[in-house]
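Here UniProt numbering is used: the first residue of the sequence shown is 1, the next is one more, and so on.
Just so it is clear, CB atoms sit at the ideal spot from N, CA and C, and this is done for glycine as well.
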Amino acid sequence: RLLLPKPTPSIPCPQCPRIFHASLGLRSHLRFKHPGKLTGLQARKHETQPTTT
1 RLLLPKPTPS
11 IPCPQCPRIF
21 HASLGLRSHL
31 RFKHPGKLTG
41 LQARKHETQP
51 TTT
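Structure (structure tokens):
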């Protein structure tokens, strides 16, 4: 197992040229490196939540 090469990262950051292996890493990167910027991941979360008026 240790001799096998790691697969290439495939999840790009929408704000910078970094690429990640897992969406968890991308979410953490967006939270700390690009705070306050609304991304596609955050926009989808807000769309699924019911709105109350």
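- For Pro9, same chain residues with a beta-carbon under 8 Å away, outside a window of 5 residues either side, are Ile19, Phe20, His21 in chain order.
- By the criterion of a C-beta distance shorter than 8 Å, Leu26 is surrounded in its chain by Ile11, Cys13, Phe20, Leu41, once the five residues flanking it on both sides are discounted.
- In this chain, the alpha helix (DSSP H) harbouring Leu30 covers 23–33.
- Excluding sequence positions up to five before and after His34, its CB lies within less than 7 Å of the CB of Gln15, all in the same chain and listed in chain order.
- Assignment of beta-bridge partners to Pro12 by DSSP yields Ile19.
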